[in-house]
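J.: Please find one structure pasted underneath; my questions will follow.
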Amino acid sequence: MIHGYRSTLSVGRLLKRTTDHARRRGFCNDVAEKGTHVVFLHFGLPRTEFYAKGYLRQAAAIYYQVPKNIERFIPTSLMLNGKIRNCIEKYGDSESIEDTLSRLTERIQGALNTVMPEYEFISCSNAFLFEEPSLEQHLADVGRGGCSRIVLMPFYPHYSCAQSGVLLNEAERVLQTFTVPATVDGKEVPNERIVPNSSESFRVSALHRWSSHPVVSEYWLNVLQPLRGDFGGVLFCAPSLRGYNSEEYRRLVWSTCERVMSGLSDSLPWRLAFFNAWDQWSLPIKDSVKMQAKRLSTQLPDDKFMAVVPISSFVPDFNTFTVLPNIIQTVAEKYSELQKVVDKGRIAARPLFICCTEATGLLGRDKEENRVAVQALVYDRLKFTAYCCILSSEKEKAVLVEPQPENAVLLQGMVEVIKNHLLGRRNAQLQNRCDWCINTQCEEMRNVLVDS
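Start counting the sequence shown at 1; every next residue gets the next number (the working numbering).
Right under this line is the structure:
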């Protein structure tokens, strides 16, 4: 018998079975008829101004918890500004996020069926809150499709009530519309769902907080390592989320940044900045990108660049298309040329000299000599200041590191996260209730999605 024949044959059968599954299923967004189904949740991105108005109206109603009967009175015309129009314009020249995520989920589906052959079949799909396929319709199709288990996974690694929490709340609301909890020994089991008047039942769980897994830090470390010699500092950026227990969100982002820099041996200066995302008001931020870039620029070597890393993004979106490039362009604008500043300094030297002589007098020296000396001193100081400004401007050259959804480390990491979840790993943080939370749906969501 040929050595290794049996193992080679087993691998061949495994790969053939995975290929047969992919051929039979077609696209990974098809509804599974059995086995486990992983649904990736995302808000979506509008492609036109018309859809952007509807997106912003619904997002505002969810964020401010506006009742459904008065949601239509939200003035969407005030929300559509130049920033959003610019985002939509640049988005039209690029691939849609639906296609990008579909390719990624298709690869994840194939890898999961390869590394977990003990499961009957694992399928993956995407559902969007404000786009198609809609979360409401898609989740209902999946639940009625005959699968035995559904895993809900928001495509946002750092958990926040304003992002992942909203998606999970909506998913729980949809589940309540077409399922009821199972009853075991006279006691309801909320995470075991039954479709009334049918033979369908499934178990539901949420993979809500996967930034604690090394996938996030290892992914960005893999992206940054080849560029290590080109930059002298790292500026991590993330959307600023206000309210809804945002401090916990900031801590999660900060810990991810620390793990990335630990992988780089902590050999570079770095800072964490927050910015107003494309769908947020342009409000002041204490740790803004512009402010943190100014601070980081003082630590950069003269011949090095600043790497701007969107730490919470894995696929290109409006923030990486438009928002961050526009902020970086503003930060990287040079000051006026040295000669122009110095020429203005010549004019400013005389009134400053008069103020100095009036305040201190010219004791013990000739008045004309003091005038020349003070003018020269002021001129040199202005020249030195202008020179420092130009050096600072040169140091603030920033380069945005684009997300790479085709990265192999991202694929392997997400497969590992899902595999660990299916094998029983859970994060108990979903049980925690946010301080000052007044949304009753959050409690219902935790009751359904936390495994008993």
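Quick reminder that beta carbons are idealized off the backbone N, C-alpha and C, glycines included. On a predicted model such as this, the values are computed, not experimentally measured, just so you know.
How long is the line joining the alpha carbons of PHE305 and LEU268, rounded to whole angstroms?
T.: The count along the sequence shown starts at 1 and reaches residue 305 at position 305. The count along the sequence shown starts at 1 and reaches residue 268 at position 268. If you take the alpha carbons of PHE305 and LEU268, they lie about 12 angstroms apart.
J.: With burial defined as no fewer than 16 other Cβ atoms inside 10 Å of the residue's Cβ, what is the status of CYS437: buried or exposed?
T.: On the sequence shown, residue 437 is found 437 positions in, with the first residue counted as 1. By the 10 Å Cβ count, CYS437 comes out exposed.
J.: Where does CYS257 sit, in a helix, a strand or coil, going by DSSP?
T.: Position 257 of the sequence shown holds residue 257. Helix at CYS257.
J.: By the 10 Å Cβ neighbour count, where 16 or more other Cβ atoms means buried, how is PHE274 classified, buried or exposed?
T.: Here residue 274 is taken as the residue at index 274 of the sequence shown, counted from 1. Buried.
J.: Strictly by DSSP, which residues pair up with ARG203?
T.: Here the question's residue 203 lines up with position 203 in the sequence shown. In the DSSP output, where bridge partners are listed per residue, ARG203 has ARG149, GLU192.
J.: Within the continuous beta strand (DSSP E) that includes PHE231, where are the two ends?
T.: As a first step, residue 231 is located in the sequence shown; it is residue number 231 there, counting from the start. 231-239 is the span of the beta strand (DSSP E), which, as asked, contains PHE231.
J.: Nearest to GLU402 by alpha carbon, out of CYS237, ALA171, GLY243?
T.: In the sequence shown, the residue the question calls residue 402 occupies position 402. The residue with the shortest Cα to Cα distance from GLU402 is CYS237.
J.: Could you give the residue range of the beta strand (DSSP E) that holds ARG228?
T.: Position 228 of the sequence shown, counted from the first residue, corresponds to residue 228. Note, ARG228: premise wrong, no beta strand (DSSP E); not H, not E.
J.: Does TRP454 come out as helix, strand or coil in the three-state DSSP assignment?
T.: Here the chain covers residues 1 to 452 and nothing more, so residue 454 does not appear.
J.: From what residue to what residue does the alpha helix (DSSP H) around PRO325 run?
T.: Counting from one through the sequence shown, the residue named residue 325 turns up at place 325. Per DSSP, PRO325 belongs to the alpha helix (DSSP H) from 324-331.
J.: Just the Cα atoms here: how many angstroms apart are LEU264 and ILE74?
T.: Taking the sequence shown and counting its residues from 1, one reaches residue 264 at position 264. Taking the sequence shown and counting its residues from 1, one reaches residue 74 at position 74. If I take the Cα positions, the gap works out to 47 angstroms.
J.: Cα-Cα, which of ASP303, SER240, TRP270 is closest to SER312?
T.: Here residue 312 refers to the residue found at position 312 of the sequence shown. When only C-alpha atoms are compared, the closest one is SER240.
J.: Should VAL223 and LEU152 be called a contact, given that it needs their Cβ atoms to be closer than 7 angstroms?
T.: Looking up residue 223 in the sequence shown gives position 223. Looking up residue 152 in the sequence shown gives position 152. Not closer than 7 angstroms, so no.
J.: Does DSSP put LYS286 in a helix, in a strand, or in coil?
T.: Taking the first residue of the sequence shown as position 1, residue 286 is located at position 286. LYS286 falls in the coil class under three-state DSSP.
J.: For GLN339, does the count of other Cβ atoms within 10 angstroms reach 16, so buried, or fall short, so exposed?
T.: Position 339 of the sequence shown, counted from the first residue, corresponds to residue 339. Any reading at GLN339 is ruled out, since the residue's pLDDT is 38, under 50, leaving its predicted position unreliable.
J.: Compute the distance between the beta-carbons of PRO157 and SER211, then report whether it is under 7 angstroms.
T.: In the sequence shown, residue 157 corresponds to position 157, counting from 1. In the sequence shown, residue 211 corresponds to position 211, counting from 1. In contact: PRO157 and SER211 (Cβ atoms closer than 7 angstroms).
J.: Leaving out the 5 sequence neighbours to the left and right, which residues in its chain are closer than 6 angstroms to GLU71 when beta-carbon positions are compared?
T.: Here residue 71 refers to the residue found at position 71 when the sequence shown is read from its first residue. Taken in chain order, the residues that qualify are ALA61.
J.: Is it right to say THR322 is buried, meaning 16 or more other beta carbons lie within 10 angstroms of its own, or is it exposed?
T.: Taking the first residue of the sequence shown as position 1, residue 322 is located at position 322. So THR322 counts as buried.
J.: Taking the alpha-carbon positions, what's the VAL180 to THR330 distance?
T.: Position 180 of the sequence shown holds residue 180. Position 330 of the sequence shown holds residue 330. Their backbone Cα atoms lie some 53 angstroms apart in a straight line.
J.: Excluding sequence positions up to five away, which residues of its chain have a Cβ less than 7 angstroms from the Cβ of PRO196?
T.: Here residue 196 corresponds to residue number 196 of the sequence shown, with the count starting at 1. Correct list, in chain order: VAL180.
J.: Should VAL184 be labelled buried (16 or more other beta-carbon atoms within 10 Å of its own) or exposed?
T.: Locating residue 184 in the sequence shown gives position 184, counting from the first residue. When all chains shown are included, VAL184 counts as exposed.
J.: Closest to PRO316 by CA distance: which of SER164, CYS87, LEU80, LEU283 is it?
T.: In the sequence shown, counting from the first residue as 1, residue 316 sits at position 316. Minimum Cα distance to PRO316 is reached at CYS87.
J.: What is the DSSP secondary structure of VAL415, counted as helix, strand or coil?
T.: Counting from 1 along the sequence shown, the entry for residue 415 is found at position 415. Of the three classes helix, strand and coil, the one that applies to VAL415 here is helix, per DSSP.
J.: Can you name the start and end residues of the beta strand (DSSP E) that MET306 belongs to?
T.: Within the sequence shown, numbered from 1, the residue matching residue 306 stands at position 306. MET306 -> beta strand (DSSP E) spans 305-310.
J.: For the 8 angstroms Cβ check, are there 3 or more pairs between the stretch 134-146 and the stretch 160-180?
T.: At 8 angstroms Cβ cutoff, the stretches touch.
J.: What residue range is occupied by the uninterrupted alpha helix (DSSP H) comprising HIS138?
T.: On the sequence shown, position 138 is the one that residue 138 refers to. From DSSP, the alpha helix (DSSP H) with HIS138 extends over 135-143.
J.: Using beta-carbon positions only, say whether ARG209 and ASN439 come within less than 7 angstroms of one another.
T.: Looking up residue 209 in the sequence shown gives position 209. Looking up residue 439 in the sequence shown gives position 439. In this structure, ASN439 does not lie closer than 7 angstroms to ARG209 by Cβ.
J.: I'd like the ranges of any alpha helix (DSSP H) spanning at least 4 consecutive residues and lying wholly in the stretch 154-180.
T.: DSSP runs (the alpha helix (DSSP H)) wholly in the stretch 154-180: 166-178.
J.: I think ASN126 touches SER102, with their Cβ atoms under 8 angstroms apart; what is that distance to the nearest whole Å?
T.: Against the sequence shown, residue 126 aligns to sequence position 126. Against the sequence shown, residue 102 aligns to sequence position 102. About 6 angstroms separates the two Cβ atoms, so the contact holds.
J.: Which residue wins for smallest C-alpha separation from LEU221, given the options LEU272, PHE202, VAL309, GLN163?
T.: By one-based count along the sequence shown, residue 221 stands at place 221. Considering only alpha carbons, the answer is VAL309.
J.: For ARG57, which option in LEU422, SER282, LEU129, ILE97 has the closest C-alpha, if you only look at C-alpha atoms?
T.: Residue mapping note: residue 57 aligns to position 57 of the sequence shown, counting from 1. For ARG57, the nearest C-alpha among the options comes from LEU129.
J.: List in chain order: all unbroken beta strand (DSSP E) runs of 3+ residues lying wholly within the stretch 56-139.
T.: Runs found: 122-128.
J.: I need the straight-line Cα distance from LEU410 to ASP99, nearest angstrom please.
T.: For this step, residue 410 is matched to residue 410 along the sequence shown. For this step, residue 99 is matched to residue 99 along the sequence shown. Taking the straight line joining both Cα atoms gives about 17 angstroms.
J.: Where does GLY92 land, buried or exposed, given buried means 16+ other C-beta within 10 angstroms?
T.: Reading the sequence shown from its first residue, position 92 is the one you call residue 92. Looking at its Cβ environment, which holds fewer than 16 other Cβ atoms inside 10 Å, GLY92 is exposed.
J.: Indicate the three-state DSSP secondary structure (helix, strand or coil) for TRP210 in the structure shown.
T.: By 1-based counting over the sequence shown, the position of residue 210 is 210. Residue state, collapsed to three classes: coil.
J.: Once you ignore the five residues that flank PRO325 on each side, which residues in its own chain have a CB closer than 8 angstroms to its CB?
T.: To locate residue 325, count along the sequence shown from 1; it is residue 325. Here the set comprises LEU400.
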